[in-house]
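Numbering (my numbering), first residue to last: 34 to 491.
The C-beta atom is built at its ideal place from N, Cα and C for all residues, glycine as well.
Bear in mind that the values here come from a model prediction, so they are computed numbers and not experimental data.
Right, one structure below, let's go through it.
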Ligand SMILES: NC(=O)c1ccc[n+]([C@@H]2O[C@H](COP(=O)([O-])OP(=O)(O)OC[C@H]3O[C@@H](n4cnc5c(N)ncnc54)[C@H](O)[C@@H]3O)[C@@H](O)[C@H]2O)c1
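What follows is the structure, given as structure tokens:
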């Protein structure tokens, strides 16, 4: 089966590569020439564990290609995945410009029956919109030509030029649940596959696409497109709520001297709660949770529903960054002129993605206070350099700490868990460690002579 993926970003590239590894013939298309040239010359534009190896394997096997030429990619494929960005508008709602443009492009290149699968995260009703755009913009061709091109039966239209036809297509909403930093693993070992479509034919084709996952007993949730669209937002909003909840408990712990780790452990042992997403810190970030919570809130508002919990989650998450800066101030006093060493820039470990990264937000707040920033991240330095010219970028953790007034751990990279703290203490101007990811045991660090603070435990 031939597959085309439109949008070769975190989701598109991982989806295309993994589907090629399932044995399908995949073309990944993107309008970004630089990205496609890089991929065609053996480079990989993003970091994801195991992705590079898998791309190389499938390119060599002839199952995976990259192109900027959408027309050929669409025409030769039976299933077209849309995996373009859905960033936020200024009011927080989802911006569907990229989706709409792609739908128009697909419409022009339809040459036979195709399944159009939307993988981007979108508000309810977008599948219907995509369908309308494709139907409206489809080229109408003469019946004889269509019959030559297509085995399936195009629908006849009566117009000025006699009998004309449009090619049939079906729409599927197939939201993606992979996590950056473990995207290949997540795609190949998902908790579930959600397929939202009203077409039994498209459903059968999608089951064929995901057959390797079906064979390992992955649960399939088959539903209508609207429900599938809302499932994705519901999952992200719920996870964002869970993170925010434990952060709120951590903030309360800070006030009363309780230990949030013991609380999270006990909560997690409750089978109804589960231990996942109960790690206190700087608040959720990344390319999905912040924009998806905002988009769901805006969508609910437009529907006339005041989604109160979500409103609270969004504002508490913003406040969490501010509270972390207050913590730093509590130890350093006035920040103007102080040098702060930040370890970690990516929004989480194992990724180079800094979109809505809590570390970046904290840096922004510290710069506003007049602090000077030294920083280090194993993978996200290049992306950060594109937005901040005025930081001191260092080679490693120790160069970062050198002569700084405090060390702040902002991303939970494994390599930050075992720092030589005595060395760090010697090279810091003052031995202050703000562990905003709770990587260290407070008592141990304090016993080394540090002024230490984590989140929700002293
Ligand atoms: N990143 C994640 O972890 C994740 C997880 C699940 C779902 N999602 C959702 O998946 C979607 C894509 O996210 P992403 O992080 O992969 O985005 P991304 O920004 O990394 O990639 C989007 C790609 O689409 C390309 N593009 C845009 N318009 C195009 C067009 N007309 N033709 C060809 N290419 C075009 C862009 O050049 C870019 O390379 C979003 O809706 C996002 O919310 C993301």
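According to DSSP, is residue i helix, strand or coil?
{"i": "residue 51", "result": "helix"}
{"i": "residue 451", "result": "coil"}
{"i": "residue 440", "result": "strand"}
{"i": "residue 67", "result": "helix"}
{"i": "residue 194", "result": "Annotation note: pLDDT 49 at residue 194 (below 50); position unreliable, coordinate value reported separately. Reduced to three states, the DSSP call for residue 194 is coil."}
{"i": "residue 171", "result": "coil"}
{"i": "residue 58", "result": "strand"}
{"i": "residue 155", "result": "coil"}
{"i": "residue 468", "result": "strand"}
{"i": "residue 340", "result": "coil"}
{"i": "residue 114", "result": "strand"}
{"i": "residue 127", "result": "strand"}
{"i": "residue 204", "result": "strand"}
{"i": "residue 431", "result": "helix"}
{"i": "residue 463", "result": "coil"}
{"i": "residue 417", "result": "helix"}
{"i": "residue 425", "result": "strand"}
{"i": "residue 410", "result": "coil"}
{"i": "residue 91", "result": "helix"}
{"i": "residue 241", "result": "helix"}
{"i": "residue 142", "result": "helix"}
{"i": "residue 394", "result": "helix"}
{"i": "residue 313", "result": "coil"}
{"i": "residue 384", "result": "coil"}
{"i": "residue 308", "result": "coil"}
{"i": "residue 28", "result": "A question about residue 28 goes unanswered here, because the residues of the chain that appear run from 34 up to 491."}
{"i": "residue 458", "result": "helix"}
{"i": "residue 474", "result": "coil"}
{"i": "residue 44", "result": "helix"}
{"i": "residue 233", "result": "helix"}
{"i": "residue 379", "result": "coil"}
{"i": "residue 80", "result": "coil"}
{"i": "residue 74", "result": "coil"}
{"i": "residue 332", "result": "helix"}
{"i": "residue 345", "result": "helix"}
{"i": "residue 400", "result": "helix"}
{"i": "residue 209", "result": "coil"}
{"i": "residue 351", "result": "helix"}
Would you list the one or two residues that DSSP bridges to residue i?
{"i": "residue 405", "result": "372"}
{"i": "residue 162", "result": "Answer by DSSP bridge pairing: none, since residue 162 is not bridged."}
{"i": "residue 321", "result": "Answer is none; residue 321 lacks a bridge partner."}
{"i": "residue 253", "result": "226"}
{"i": "residue 97", "result": "59"}
{"i": "residue 480", "result": "DSSP lists no partner for residue 480."}
{"i": "residue 121", "result": "127"}
Assuming the contact rule is C-beta atoms closer than 8 Å, residue i and residue j should be a hit. Round their C-beta distance to whole Å, please.
{"i": "residue 362", "j": "residue 368", "result": "6 Å"}
{"i": "residue 149", "j": "residue 204", "result": "5 Å"}
{"i": "residue 327", "j": "residue 125", "result": "3 Å"}
{"i": "residue 58", "j": "residue 88", "result": "Not quite, the Cβ-Cβ distance comes to about 15 Å (not below 8 Å), so this is no contact."}
{"i": "residue 434", "j": "residue 457", "result": "5 Å"}
{"i": "residue 143", "j": "residue 109", "result": "Their Cβ separation, rounded to whole angstroms, is 12 Å, which puts residue 143 and residue 109 out of contact at 8 Å."}
{"i": "residue 116", "j": "residue 217", "result": "The pair is not a contact, with the Cβ atoms about 15 Å apart (cut-off 8 Å)."}
{"i": "residue 454", "j": "residue 413", "result": "At roughly 23 Å, the Cβ-Cβ gap does not stay under 8 Å, so residue 454 and residue 413 are not in contact."}
{"i": "residue 445", "j": "residue 470", "result": "4 Å"}
{"i": "residue 208", "j": "residue 161", "result": "In fact, because the Cβ distance is near 16 Å, the residues do not count as touching under 8 Å."}
{"i": "residue 51", "j": "residue 220", "result": "4 Å"}
{"i": "residue 91", "j": "residue 54", "result": "6 Å"}
Between which two residues does the beta strand (DSSP E) carrying residue i extend?
{"i": "residue 486", "result": "484-486"}
{"i": "residue 151", "result": "147-151"}
{"i": "residue 229", "result": "226-229"}
List the endpoints of the continuous alpha helix (DSSP H) containing residue i.
{"i": "residue 301", "result": "293-302"}
{"i": "residue 263", "result": "258-289"}
{"i": "residue 39", "result": "Premise fails: residue 39 lies in the beta strand (DSSP E), 35-39, not in any alpha helix (DSSP H)."}
{"i": "residue 244", "result": "244-248"}
{"i": "residue 216", "result": "216-221"}
{"i": "residue 104", "result": "103-108"}
Would residue i pass as an interface residue toward chain C - the criterion being a Cβ-Cβ separation below 8 Å?
{"i": "residue 275", "result": "Looking at the structure shown, chain C is missing, and only one protein chain is on hand."}
Is any non-hydrogen atom of ligand 3 found closer than 7 Å to the C-beta of residue i, if you look at the structure I gave you?
{"i": "residue 135", "result": "The model on display carries ligand 1 but not ligand 3."}
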